[in-house]
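*Asks:*
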Amino acid sequence: MSVVALSELLGATVRDASGAVRGRVREIAVAPQDHPTRIAYLIVRTSGGEWAVPPDALKSAGASVRAANDASQWVRYTPSDGVLLLKRDLLDQQIIDIHGRKVVRVNDVELESTPVNSHLLLNIVSVDVGARGAIRRLSKGLVPSFTLRALLERIPPRVIPWEYVDLLETDPARRVKLKIAYEGLARLHPADIADIVEDLAPAEREAVFETIDEEVAAEALEEIDPDIQVSIVESLDKDRAADIVEEMDPDAAADLLGELREEQSGEILKEMEPEERQEVTQLLEFGEHTAAGRMTTEFVAVPDTASVDDAIDALKTFEGSREALATIYLTGAGRKLMGAVPLVKIAISPPTLQLAELSESFVACARDTPQSEVAALFDKYNLITLAVVDEHGRLAGIITADDVITMLRHSH
Amino acid sequence: MALLRGWRTRLALVLAVVGPGFITANVDNDAGGIATYSVAGAQFGYTLLWTMIPITIALVIVQEMSSRMGAVTGKGLSDLIREEFGLRATFILMLALVVTNFGNVASEFAGIASSFEVWGASQYVVVRIAASKYVVVPIAALAVWGLVVHGTYNSVEKVFLSASAFYICYIVSGVLAHPDWKAAALSTVTRPESAGFRNYGYLSMIIGLAGTTIAPWMQFYLQASIVEKGVTARQYKASRLDVIVGCIFAAVVAWFIVVACAATLHTAGMYDIKNGVEAGEALRPLAGEYAYLLFSAGLFNASLFAACILPISTAYAVCEGLGFESGLDKRFEEAPAFYWLYTALIVFGAGVVLIPRFPLFRVMVLSQVVNGVLLPFVLVFVILLVNDRELMGSYTNSKWYNVVSWLTVAIMIALTIAMVVAQARG
């Protein structure tokens, strides 16, 4: 078992079983669908064309390569999208170092060569991102190989094990074929993902956000610089963007959509689930620090012609928070707010009584009422819930006392 | 008050649309630029004005390619060179860039030293000491290092940029000097006499003019700025306009510096200017006896502006190309190569200027000749990359665009060879 560097293998002379030099190594291919680390074949360039020579037809691989069979038995190389070509796709390219949580550039790739029976197994073990790989490549052919090896041994290695490497591939079809899923990246803390993504080129950012889990994407997106957020969301297709924005914190989602061009944010909103959409729309329209930004749209409202019994039925089917149950609202034609009945009064009244008779004078505010005024209303009228109405007097939502406590604590 | 406010709003509006292209072109008129244009005008009068139109066309084309590449790929120039041409090519190019930009940084500090030279003749010892380069240059070096590392640079960038309005002085002075407009205009558009091309001084001055106007660091800096600004292929049209306007502005200023110097210094027989005091004479028609003060204020601003940009942009380009950690958001231990390179460029760039009897003006011009020698090599990479379909998609060069850019490369190489031959012959 020995370690051989990609840069040593590239350009190495290839002899076949007869001992004659047939050509040189041009590329090294891995087929991730067959095996994630195993070398599938070397591409050998000869005067007669290019050949794919698999490691099980090799006797040795190093500064020179020796095949176990005759050149006449080699198979012609045909380009394929599904293989990773180490020189083209890996050497000098940027990769994500999951362990070190950053983007780094590949100086060399280390392969492990294991003799099995009479042939070889070649596996990728790590990528070299330090000075050792760089100096090896810079001095290749200029310094005698034994001097070079002695020199390189004194340089501490900086390598990343292959399992901690995530490749960057911008072509979605190829990403599938090469089985690139950014699983390692997705396991990192969202703040680390954000840092990494900020270091990438726009097309690579798009690739990452197209691929990783929506929830992870949403959390990472919240941590990213606003300008970059916008360019990422603009680059994604609308479905995908909506899926990610849905998972975001409504405040952050509203901030982001507010930065987009109107037609774009409109398209994304259209693709979102109704519930998340409504929440974000209100935040977008009125801002976070208004009644509309603080209210919930889950409340109990019954027609003003309903009886106590109807109200109890409505309570039974209500799925929102318990705080919202404190008041039952009465609406008239066109959902216009007509009255409010405290839960206590319903509990002590006969089932057939009309709710309209129980209705008290109620307090309501407009959607754009600043949150400081909302707090003042709660204080003045000793409210448990406050109705929020739109410009036509229709009930848009309610604010509950616990929301106000949170709000007050945050503003201090 | 209302007037002041109106003026300020207008300035803010102008600065808001000023983009990377305009800033790059402005930084381009740095110490080396002012010195080279001044010497060209003083030494050769109007006879080098013919270079301005071809140089401007080449400048626009080169800068446009760099910014297009930044917008389409979202990557820096040294990143792309590394990814497409491998480690060895990148390493050699980065080495050349460091050496060349070391010369440029030295020339900026030489410009700073030069802008204080007039005080060296003061009758007060204190003034003479305070204005001597041994005091001025280390303070400037420290200021540059601190401004950039502590992130205060971004807030002063607009001050530098506004102060570059100083270049308008050359336009005014050029007019007031009553130059021979007909001769100046004619020599701008007519073919040069071939006799000059056997002269080493003439050839190296052409290379210097091209090298200072189309400096290699500009391609790296502009592309990086476009990427950092997040310009995409779709918004690219606005950036192109910014680049073209910036380049033309830089070229007009250059033309007037040459004309102003030709009409004043050359006419007065001051062919060989050795320092800022002499170069400042070109502004005499405008500022009279204060000409030198005006000149040194402008030179000081231009030098300090470029001194802030050059070392940091070099450190970014080199570290990104070679794969070292880079960025001012990193701590020293996280990105040692980046900070060391940045610091070394400033320390050594400022350090060489402190050598006694250091020929300030000669070095400012010479560093621009080195720029001109490196330029074609950087351009070859730019042209090859911008024509790569896999990278650029439908944004590759058109045919005539390639003809002009390859022509620029060929001419720059031919001029360099001719210069070396002319020098060898003495």
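Heads up: the protein sequence lines correspond to chains A and B, in order.
All the letters of the first sequence, read from the start, carry residue numbers 1 to 412 under our numbering.
All the letters of the second sequence, read from the start, carry residue numbers 1001 to 1426 under our numbering.
Where is the CB? At the ideal position from N, CA and C, for every residue including glycine.
1) Could you give the DSSP three-state label for B/M1001: helix, strand or coil?
2) Would a check of beta-carbon distances place B/G1070 closer than 8 Å to chain A?
3) Have a look at A/I155, A/E27, A/A324 and A/G393 and flag the residue whose alpha-carbon is nearest the alpha-carbon of A/C365.
4) Looking at the secondary structure, which residues open and close the alpha helix (DSSP H) in which A/R322 lies?
5) Are the Cβ atoms of B/S1303 and B/G1111 separated by less than 8 Å?
6) With a cut-off of 8 Å, does the C-beta of A/D166 fall near any C-beta of chain B?
7) Could you give the distance in angstroms between the alpha-carbon of A/D128 and the alpha-carbon of B/Y1339?
8) Does DSSP put A/I160 in a helix, a strand or coil?
9) What residues in its chain sit with their C-beta under 8 Å from that of A/R101, if we drop five residues either side in the sequence?
10) Considering Cα atoms alone, identify which of B/G1041, B/N1026 and B/I1081 is closest to B/F1220.
11) Evaluate A/E357 with the Cβ neighbour count: other Cβ atoms within 10 Å of its Cβ, from every protein chain shown; 16 or more gives buried, anything less gives exposed.
12) Using the beta-carbon of each residue, which ones in chain B are nearer than 7 Å to A/A201?
13) Around the C-beta of B/L1013, are 16 or more other C-beta atoms found within 10 angstroms, so that it is buried, or is it exposed?
14) For A/S413, which residues from the same chain have a beta carbon less than 8 Å from its beta carbon, with the 5 sequence-adjacent residues on both sides left out?
15) List the whole-angstrom C-beta distance separating B/I1057 from B/S1405, where the pair is believed to meet the contact cut-off of C-beta under 8 Å.
16) Can you tell which of B/I1257, B/C1308, B/A1262 and B/L1093 has its C-alpha closest to the C-alpha of B/N1371?
17) Kindly indicate which residue of A/D89, A/W74 and A/V75 has the alpha-carbon position closest to the one of A/D81.
18) Step through the CB atoms of chain B and report whether any lies within less than 8 Å of the CB of A/V143.
19) Short of 8 Å in beta carbon distance, which residues of its chain neighbour B/R1362, apart from the five on each side in sequence? Order them along the chain.
20) Out of A/G332, A/D310 and A/E153, which has the shortest C-alpha to C-alpha gap to A/P351?
21) Quick one: which chain A residues come within Cβ less than 8 Å of B/R1088?
22) If we cut at 8 Å on Cβ distances, does B/F1082 have a partner in chain A?
23) Beta carbon of A/A324, beta carbon of A/T400: below 8 Å?
24) Nearest to A/V83 by CA position, among A/A292, A/G133 and A/V30, is which residue?
25) Among all the DSSP beta bridges, which residues are the ones paired with A/R45?
26) What does A/A134 touch in chain B if you count any residue whose Cβ is under 9 Å from its own?
27) Nearest-angstrom Cα distance between B/A1002 and B/K1330?
28) Please say whether A/A306 and A/I268 have beta carbons closer to each other than 8 Å?
29) Identify the continuous beta strand (DSSP E) that holds B/T1152 and give its terminal residues.
30) Assuming A/D128 is part of the beta strand (DSSP E), what are its boundary residues?
31) Decide if the stretch 33–42 of chain A is in contact with the stretch 153–161 of chain A; the criterion is three or more beta carbon pairs, one per stretch, under 8 Å apart.
32) So for B/E1108, helix, strand or coil by DSSP?
33) Go ahead and label B/P1020 buried or exposed: buried means 16 or more other beta carbons lie within 10 angstroms of its beta carbon, across all protein chains shown.
34) What three-state label does DSSP hand A/K345 in the structure shown?
35) What residues match up with A/G397 in a beta bridge as DSSP calls it?
36) Skipping 5 residues on each side, what residues in its chain have a beta carbon closer than 6 Å to that of B/P1285?
*Replies:* Reading off the structure:
1) Residue placement at B/M1001 is poorly supported in this model, since its pLDDT is 43, which falls under 50; the coordinates are not used for a value here.
2) Not one chain A Cβ lies under 8 Å of B/G1070.
3) Measuring from the Cα of A/C365, the nearest candidate turns out to be A/G393.
4) Counting along the chain, no alpha helix (DSSP H) covers A/R322, and no H or E run does either.
5) Yes, these two residues count as a Cβ contact at 8 Å.
6) No, A/D166 lies away from the interface with chain B (no Cβ there is under 8 Å from its Cβ).
7) Taking the straight line joining both Cα atoms gives about 23 Å.
8) The DSSP-derived three-state label of A/I160 is strand.
9) The answer, listed in chain order, is L188, D192, D195 and I196.
10) When C-alpha distances from B/F1220 are compared across B/G1041, B/N1026 and B/I1081, the shortest belongs to B/I1081.
11) With fewer than 16 Cβ atoms within 10 Å of its Cβ, A/E357 is classed as exposed.
12) Result: T1073, G1074 and K1075.
13) With a pLDDT of 49 at B/L1013, under the threshold of 50, the modelled position of that residue is not reliable, and no figure is offered here.
14) Since the first residue of chain A shown is 1 and the last is 412, residue 413 of chain A is not available in this structure.
15) In this structure, B/I1057 and B/S1405 do not form a Cβ contact; the two beta carbons are roughly 10 Å apart against a cut-off of 8 Å.
16) Closest by alpha carbon: B/L1093.
17) Comparing Cα-Cα distances from A/D81 to each of A/D89, A/W74 and A/V75, the minimum goes to A/D89.
18) It does not; no Cβ of chain B falls within 8 Å.
19) Hits under 8 Å: K1274.
20) Looking only at A/G332, A/D310 and A/E153, the smallest Cα-Cα distance to A/P351 is reached by A/D310.
21) Within chain A, the residues near B/R1088 are R137 and L138.
22) First, the amino acid is wrong: residue 1082 of chain B is Arg here, not Phe. So, interface residue.
23) The answer is yes: Cβ separation under 8 Å.
24) Per the Cα distances, A/V30.
25) Partner residues in the beta bridge of A/R45, as assigned by DSSP, are A/R24 and A/E50.
26) Residues of chain B passing the Cβ test: L1087, F1091, L1322 and G1323.
27) Confidence in B/A1002 is poor, its pLDDT being 49 and thus under 50, which makes the residue's placement too unreliable to answer from.
28) With a cutoff of 8 Å on beta-carbon distance, A/I268 and A/A306 are scored as not near each other.
29) Per DSSP, B/T1152 lies in no beta strand (DSSP E) segment and is marked neither H nor E.
30) H119 to D128 is the extent of the beta strand (DSSP E) around A/D128.
31) In short, these stretches do not touch, since the Cβ pair count stays below three.
32) Correct three-state label for B/E1108: helix.
33) It counts as buried.
34) Assignment of A/K345 by DSSP, reduced to helix, strand and coil, places it in the helix class.
35) Checking the DSSP bridge columns, you'll see A/G397 partnered with A/V388.
36) So the list reads S1173, L1176 and A1177, once near-sequence residues are dropped.
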